[in-house]
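One line per chain: the protein sequences are S and E, in this order.
The opening position of the first sequence corresponds to residue 1128 in the working numbering, with each subsequent residue numbered one higher.
The opening position of the second sequence corresponds to residue 1128 in the working numbering, with each subsequent residue numbered one higher.
Below is one structure, written out as structure tokens, with a few remarks after it.
There are 2 protein chains.
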Amino acid sequence: MKCTLWLAVGLLVAGPLAAEPFSEEDLAVARELREAALAGDGGYEIVADLTTRIGPRLAGSEADARAVEWAVQMFEGMGFDRVWTEPATFPTWHRGLERTEIVSPARHELVTLALGFSPATPKGGIEAEVAMFEDLAALQEADPAEVADRIVFIRNRMERTRTGAGYGRAVGARSVGSRVAAEKGALALVIRSIGTSNNRFAHTGMQRFDSDVRLLPAVAISNPDADLLERLMAGDEPVRIQVEVDAETVESYTSQNVFAEITGSGKPGEIVAIGAHLDSWDVGTGAIDDGAGVAIVTEAARLIGNLDRRPDRSIRVILFAAEEIGLWGGRAWVRAREAQMDKYQFVAESDFGAGRAYAISARVSDAAWPVIAAIQEELEPLGIELGERSASGGPDFSPALRYGVAAVDLEQDGTEYFDYHHTVNDTLDKIEPDALAQNAAAYAVLAWLGAQAPMGFGSGRTILEEESTD
Amino acid sequence: MKCTLWLAVGLLVAGPLAAEPFSEEDLAVARELREAALAGDGGYEIVADLTTRIGPRLAGSEADARAVEWAVQMFEGMGFDRVWTEPATFPTWHRGLERTEIVSPARHELVTLALGFSPATPKGGIEAEVAMFEDLAALQEADPAEVADRIVFIRNRMERTRTGAGYGRAVGARSVGSRVAAEKGALALVIRSIGTSNNRFAHTGMQRFDSDVRLLPAVAISNPDADLLERLMAGDEPVRIQVEVDAETVESYTSQNVFAEITGSGKPGEIVAIGAHLDSWDVGTGAIDDGAGVAIVTEAARLIGNLDRRPDRSIRVILFAAEEIGLWGGRAWVRAREAQMDKYQFVAESDFGAGRAYAISARVSDAAWPVIAAIQEELEPLGIELGERSASGGPDFSPALRYGVAAVDLEQDGTEYFDYHHTVNDTLDKIEPDALAQNAAAYAVLAWLGAQAPMGFGSGRTILEEESTD
């Protein structure tokens, strides 16, 4: 299918649709699903069970394997038409001891988490004077003489926003700070946590790495501890800290993506895919990240599966492996079906906690955009407005975008997400049951109407100029 | 002075005061102090310095000694007329490892703090089935057969209130839970934290004990962890947990109460005493408990000391030792001057964080109550209303009450106090500088006008029936 053709179709349907895209019967089912999701607590039960019976489930851990088993049993118990797993193989990492202590001019033990794939320090740790930088850019511009043989401290603060955009602006300190500091001869990296809370929790997360990059031992300290370190740095005396990390990288582990399908009655080979990731960081119980997403998409599909009517297209729930440590599940999913990407009606992952959804954005063909607008009309009672004509589909589905797969994002309010995400404080009580149910309602409406839509959502690739040569 | 006489005076002055108790000049100074405190950041600088340069300072620790030195240097630097210390001797306790793990039906490491003076477990810990109780009363009523050889879990939840009254209602589980469980043959005690936050921090604190009471190893778990334990207890399978504590009690340590005085120009032997406690728990940096109090009363006195005029009576700041682990500083202060208690115009301790003061309550003679009302008029612009005719003077001053010493409480808003108190999350950022300054302003007005008052605040004992035979 050529881009130009899709663009032409887009122009023809510009303005109000000539005919409503959905039958009254399909719309009635969408409304029934929406109300059932809002009235029920099925989603909350799912995330309560996952966080209580499994808890933290770092990719590659023993709990990861138990989580996969838990998901398979859950899906089978719900009566999906097909339940299966597909392997995803990745390097993994285990956290041991981690400790940051200000040694002088005043001793303070700081609340600390090692960053993902941090190498270990020698036993007893590394002690050195601190070199403080405003942000990653300041470190990148620094004279190596200011950095060599020091422990680098990057103090940038994440800004609180509804969209979570502050995370993207601040997270470079974590993702590449260690390699930049290493290139300039530093001994270790300490960062202010990439989170918005002033509670005394450190925020872990992934660092970008590959085999030719040297990482330093790297830790995040809680934001109150970063404040304290800054106060001492503002004094006249040099500040020395000690960082100790014990951690281990394991070269290869195979976990599973878990799939559940409601097979379509009309076009079973066309697939609406809704997903979440099953793994979590090893701190907290992975409630908002991403037990909430697991609950939202599973509950949405469960409600559709309970209908007397079958959807026209197939609806698949995909619970991805090893998202946190490098999107390994998402990448394995794409690699296994590169030639079949045109089977996907659209992809949509829930991986932004349990805050209320407030907009539907989509990366679909021009022709399909009015169908998205018609879906939004059924989301309007949930407080969900029409968003942007762009979407990523979520982290695990993002590797599919270069194959022109259509993507839909239900944008969630992330104002508080980064208060909890990647910390020991990511626990069930941080989920507001009504907001979780609102998300499940939105996904149920989206998946159902996406499966019933009169046209394919087509190649989103027409939207992205840089992919026009694909 | 007889009680009956005081009562008679009280009756005579009932209704509007015949004459204003304060001169226009004294009132002008009070207003000047109030505005200076509100405009300045001296209090915040004090608590920032204490939490940054000293940090946590458990009574009997090395940091306790450094805190005493810090306070003496601070007072000397401020030019008080007299600065001195007096010893307080007490048993102390050191925290080592502490760990609570749910072993079955699902493994979870819980966020844990040992309670003060918890004995150690054997190395490797104690593992047993959990016996859960609604609250202390339910444990007290339980058949020993339900408790013996179990680990007791008390799940009572502290209620959030402005006054902090929820703490008193819930804290029995912590203060006497261990001894009650021990009497019924339990192996260890686990309590839900006596705090109002759903952040994943455990809340430590003192247990009542004396030499003839046997305590069990006792820990608090964070509130989200208590929720999780309750969810597992609601299932069909027995729940087993493991508790490990390493801790050490030391029989005797001598710390110091630290005093600073502005000597009165007219009645130097009569004393207005404002205080706070210098020690803190060993977690957090002791910012709201009680660095805030140290800052509030010190700043109030510093501002008075900076005046050209001397107060009529002497004003003393007292920073008490070892409040957290049993009011040892307060008790030593009383013991050293039992015969001189009538020298105290009144006592008032700031030990409820940095929330805004909203009322002035006092335990004074009937005759002095109109003077309190006149002081309240100068506190009105701070949003402080006239409170109750009762007051404790704060924990460290409370041992003085049985000597009939008058006490004043500036009641603070404690809505959020128990979110942070006794946790690792008690750090400087939890203090709102403007609210701290409002408290310093209130203490400055109170101490100044208390020192200038036309009469002694007399024996509060007339108010307390049960003390009429003292």
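Positions of the beta carbon are idealized from the N, C-alpha and C atoms, including for glycine.
Distance, Gln1503 (chain E) Cα to Ser1488 (chain E) Cα:
9 Å
What does a CB cutoff of less than 8 Å around Gly1396 (chain S) pick up in its chain, not counting 5 residues either side in sequence?
Ser1441 and Lys1470
Could you spell out where the alpha helix (DSSP H) holding Asp1153 (chain E) opens and where it closes?
Glu1151 to Ala1166
Compile a chain-ordered list of the residues in the segment 1235-1246 of chain E whose CB is closer than 7 Å to at least one CB of chain S.
His1235 and Val1238
Going along chain E in order, which residues have a C-beta closer than 8 Å to the C-beta of Val1551 (chain S)?
Val1238 and Arg1327
Supposed contact pair Gln1579 (chain E) and Pro1438 (chain E) - C-beta distance, whole angstroms, cut 8 Å
6 Å
Could you run through the segment 1338-1363 of chain S and flag, in chain order, every residue whose CB is less than 9 Å away from some CB of chain E?
Ser1349, Asn1350, Pro1351, Asp1352, Asp1354, Leu1355, Arg1358, Leu1359 and Gly1362
Coil, strand or helix - Phe1386 (chain E) by DSSP
strand
Counting only the same chain and skipping the five closest in sequence on each side, list residues whose C-beta sits under 6 Å from that of Phe1584 (chain E).
Gln1472, Phe1473, Val1491, Ala1495 and Ala1533
Contact set between Gly1182 (chain S) and chain E, taken where Cβ atoms lie within less than 7 Å
Ala1233 and His1235
Within chain S, the residues that Leu1430 (chain E) reaches when beta carbons sit closer than 9 Å:
Those do not exist, as Leu1430 (chain E) stays about 24 Å from chain S at its closest Cβ, beyond 9 Å.
Are Val1274 (chain S) and Gly1312 (chain S) closer than 7 Å when you measure CB to CB?
yes
Does Val1140 (chain S) get closer than 7 Å to chain E when you measure Cβ to Cβ?
Low confidence applies to Val1140 (chain S): its pLDDT is 45, below 50, so where it sits in the model is not reliable, and the reading given next is rough at best. Answer no: the Cβ-Cβ gap between Val1140 (chain S) and chain E never drops below 7 Å.
Where does Ala1374 (chain E) land, buried or exposed, given buried means 16+ other C-beta within 10 angstroms?
buried
Which stretch, first to last residue, makes up the alpha helix (DSSP H) that contains Pro1351 (chain S)?
Asn1350 to Met1360
Got a sec: which bits of the segment 1446-1465 of chain S sit with their beta carbon under 9 Å from any beta carbon on chain E, in order along the chain?
none
Where Thr1554 (chain S) meets chain E, residues with beta-carbon distance less than 7 Å:
Arg1327 and Pro1351
Hey, how far is the Cα of Asp1168 (chain S) from the Cα of Glu1426 (chain S)?
9 Å
Less than 7 Å between CB atoms is the rule here; does Thr1179 (chain S) satisfy it with respect to chain E?
yes
Could you tell me the boundaries of the beta strand (DSSP E) in which Ser1302 (chain E) lies?
Run containing Ser1302 (chain E): none in the beta strand (DSSP E); it sits in the alpha helix (DSSP H), Gly1299 to Ser1302.
The segment 1535-1544 of chain S touching the segment 1559-1573 of chain S, judged by at least three CB pairs closer than 8 Å:
yes
Is there contact between the segment 1366-1380 of chain S and the segment 1211-1220 of chain S, where contact requires at least three CB pairs shorter than 8 Å?
yes
Simplified DSSP assignment, three categories, for Ala1578 (chain S)
helix
Which residues of the segment 1155-1175 of chain S have a Cβ closer than 9 Å to any Cβ of chain E? Give them in chain order.
Ala1175
Is the beta carbon of Glu1450 (chain E) less than 7 Å from the beta carbon of Pro1526 (chain E)?
no
Which of helix, strand or coil DSSP assigns to Arg1184 (chain E):
coil
Residue from S:Asp1176, S:Glu1357, S:His1548 and S:Thr1381 with nearest C-alpha to Ala1329 (chain S)
S:His1548
Run through the segment 1249-1303 of chain S for me and flag every whole beta strand (DSSP E) of 3 or more residues, listed as ranges in chain order.
1253-1260 and 1278-1281
Report the three-state DSSP secondary structure of Glu1592 (chain S) (helix, strand or coil).
With a pLDDT of 40 at Glu1592 (chain S), under the threshold of 50, the modelled position of this residue cannot be trusted; read the value that follows with caution. Three-state DSSP puts Glu1592 (chain S) in a helix.
Look up Tyr1380 (chain S) in the DSSP assignment and give the residues it is bridged to.
S:Phe1217
Inspect the CB distances between the segment 1407-1426 of chain E and the segment 1455-1465 of chain E and report whether three or more fall short of 8 Å.
no
Would you check if the segment 1315-1332 of chain S and the segment 1284-1302 of chain S touch, i.e. whether three or more CB-CB distances between them fall below 8 Å?
yes
C-beta atoms of Arg1287 (chain E) and Thr1323 (chain E) nearer than 7 Å
yes
Cβ shell of Ala1463 (chain S) (< 7 Å), same chain only, five flanking positions each side left out
Glu1213
Taking only the alpha-carbon atoms, compute the straight-line gap between Trp1133 (chain S) and Trp1197 (chain S) and give it to the nearest angstrom.
Note that Trp1133 (chain S) has pLDDT 40, beneath the 50 cutoff, so the model's placement of it is unreliable and no number is given.
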